[in-house]
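In mature numbering (1 follows the signal peptide of the UniProt record, and there is no 0), the protein residues as written are -25 to -1, 1 to 501. Even glycine gets a Cβ: it sits at the ideal position worked out from N, Cα and C. As the structure is a computational prediction, the values presented were derived from the model and not from experiment. Report on one structure; see the data block that follows.
Quick look at the structure:
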């Protein structure tokens, strides 16, 4: 995807690798905050005819998420074996109509940040329990892979490369579920070329908030198809996806260079994403704190080159995919294109690594840290999308003022263009063609004291958002978090009416995904 001394770009998502064990915490947690009427429904739920089952005892395992700031105990966890289990459960909840406030949340790998995959007193569906959809890979002129909504991207990578194929667009961390990333967007360093992951889906199977199992695509039930993509789980649960593939390379030339001038840094980034023949992966990050040592012996665990204390530097990270027989051509290509850039001389680092290792580099680099206990660490991440026209003003205030003299790291920042994106999905972005993703991915101890404490980090995040609002930069949150519908209306802007209408059509009683805090249980009011 750590925070106090800049360890490495590859440690951006270190805590994503950890299976935080909070069972002891939740064994002492009281369920009193859950809706008491929900507990009266336990017996009827046990009577539903399912291929899978409900778990009413071990609900604490889904009462946390990666963000580790919110902890809500559900009434029950559905462990579905088939899609019909999900449909049957939602139909049961829907048929209760106004006699219950029961709601349903789909949970993939639990990597939400603000409790979005939790459900206080409701039903959480463990999507990884689905057994019905086996991965199917279609080769030929239009290759694709059919996968379960609960499948992890790392498993898709390993299976498709066996056929010499690969999905086109990725996230930086691959231990995420298909349904989870498609419900948000799925953005990484390939987005400038292929768009986010929601751009590379041919069709979906969705269980709506009425319990209907619906196949949808651009030509069939298109309103549901586009609405679910980036729809934050509000319109339906993605149970199957057909994802487009392309030939998989065997090797990656992986390059990092440094800049001290933000304008030159962004100029080069924008130049690279505009070229027809360019790198296959383009990202960047900001170095505001003390850097770590730079290891050339183990590139998969290496951080960026060391820098002098007190000076902000910017690292451009790019990669070119190739096969062994194309080594000489690739070397010549990278030499030519790097010669046109304005990075600091002698700061270049490059190495060749296997394609699979590059995509899974975050996991490989920090696997050893799994043994550490980070149960008391929170992830108060803030990720925003900034229009190109505002990026210089954004950087001047945020990096030069708000984050001055802090150790707030890591910070990713890189551009992509939206010219070829699907624009009728539910994903909300700034209106301009070229936009920047700025991701503030720090971690903090759950205790709130000190400059690196949770309260201070949240205060910094608020200062960033308040500045963007006051300066009218046209910024939008990615993985957004709001607590009132008024804030959500402002987030969606003139797209709110379409989103609310889709909600009314496909989840009219607001049963799904209450953790997003967009709609209250009951008939949808636009």
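Let's see if you can read the secondary structure: which residues bound the beta strand (DSSP E) around residue i?
i, result
"residue 362", "357 to 362"
"residue 404", "Where residue 404 is concerned, there is no enclosing beta strand (DSSP E), given that its DSSP letter is neither H nor E."
"residue 306", "Unbroken run through residue 306 is the alpha helix (DSSP H), 302 to 313; no beta strand (DSSP E)."
"residue 215", "211 to 222"
"residue 30", "28 to 30"
"residue 324", "324 to 329"
"residue 434", "From DSSP, residue 434 is part of no beta strand (DSSP E) but of the alpha helix (DSSP H) over 429 to 445."
"residue 199", "Note, residue 199: premise wrong, no beta strand (DSSP E); alpha helix (DSSP H) at 197 to 203."
"residue 136", "It is not in any beta strand (DSSP E) - residue 136 instead sits in the alpha helix (DSSP H) that spans 128 to 136."
"residue 414", "409 to 415"
"residue 181", "176 to 183"
"residue 372", "No beta strand (DSSP E) holds residue 372; the alpha helix (DSSP H) holding it covers 366 to 372."
"residue 292", "288 to 297"
"residue 123", "119 to 123"
Distance check for residue j and residue i, CA to CA, integer angstroms please.
i, j, result
"residue 160", "residue 304", "34 Å"
"residue 87", "residue 61", "21 Å"
"residue 300", "residue 78", "55 Å"
"residue 109", "residue 56", "12 Å"
"residue 266", "residue 287", "Because residue 266 sits at a pLDDT of 41, beneath the cut-off of 50, its placement in the model cannot be relied upon, and the following sentence gives the value as read from the coordinates. Roughly 11 Å between the two C-alpha positions."
"residue 18", "residue 171", "42 Å"
"residue 177", "residue 296", "24 Å"
"residue 92", "residue 324", "39 Å"
"residue 143", "residue 456", "28 Å"
"residue 82", "residue 394", "32 Å"
"residue 430", "residue 47", "20 Å"
"residue 85", "residue 37", "8 Å"
"residue 482", "residue 184", "4 Å"
"residue 492", "residue 242", "38 Å"
"residue 147", "residue 428", "26 Å"
"residue 191", "residue 320", "51 Å"
"residue 459", "residue 418", "25 Å"
"residue 101", "residue 307", "49 Å"
"residue 132", "residue 338", "14 Å"
"residue 331", "residue 138", "13 Å"
Residue j and residue i - do their beta-carbons sit closer together than 8 Å?
i, j, result
"residue 360", "residue 412", "yes"
"residue 240", "residue 385", "no"
"residue 381", "residue 451", "no"
"residue 248", "residue 391", "yes"
"residue 309", "residue 228", "yes"
"residue 435", "residue 358", "no"
"residue 352", "residue 420", "yes"
"residue 140", "residue 123", "no"
"residue 486", "residue 68", "yes"
"residue 207", "residue 475", "no"
"residue 165", "residue 234", "no"
"residue 490", "residue 94", "yes"
"residue 414", "residue 387", "yes"
"residue 298", "residue 220", "no"
"residue 44", "residue 355", "yes"
"residue 204", "residue 400", "yes"
"residue 369", "residue 448", "yes"
"residue 129", "residue 150", "yes"
"residue 389", "residue 246", "no"
For residue i, count neighbouring Cβ atoms within 10 angstroms of its own Cβ and tell me buried if that reaches 16, exposed if not.
i, result
"residue 111", "exposed"
"residue 294", "buried"
"residue 89", "buried"
"residue 398", "exposed"
"residue 302", "exposed"
"residue 478", "buried"
"residue 117", "exposed"
"residue 49", "buried"
"residue 224", "buried"
"residue 445", "exposed"
"residue 335", "buried"
"residue 40", "buried"
"residue 362", "buried"
"residue 250", "exposed"
"residue 375", "exposed"
For chain E, is any of its Cβ atoms less than 8 Å away from the one on residue i?
i, result
"residue 191", "Protein chains in the displayed structure number just one, and chain E is not present."
Would you give the residue range spanned by the alpha helix (DSSP H) that residue i belongs to?
i, result
"residue 464", "460 to 467"
"residue 166", "166 to 169"
"residue 144", "Here residue 144 belongs to no alpha helix (DSSP H), and DSSP marks it neither H nor E."
"residue 19", "17 to 21"
"residue 63", "58 to 70"
"residue 155", "153 to 157"
"residue 472", "471 to 481"
"residue 237", "237 to 249"
Could you tell me whether any non-hydrogen atom of the ligand SAM is closer than 7 Å to the CB of residue i?
i, result
"residue 304", "As for the ligand SAM, it is missing from this structure, which has no ligand bound."
* Asked: Does the stretch 201 to 219 touch the stretch 144 to 159, meaning 3 or more C-beta pairs lie closer than 8 Å?
  -> yes
* Hey, is the stretch 40 to 60 in contact with the stretch 461 to 472, meaning 3+ C-beta pairs nearer than 8 Å? -> no
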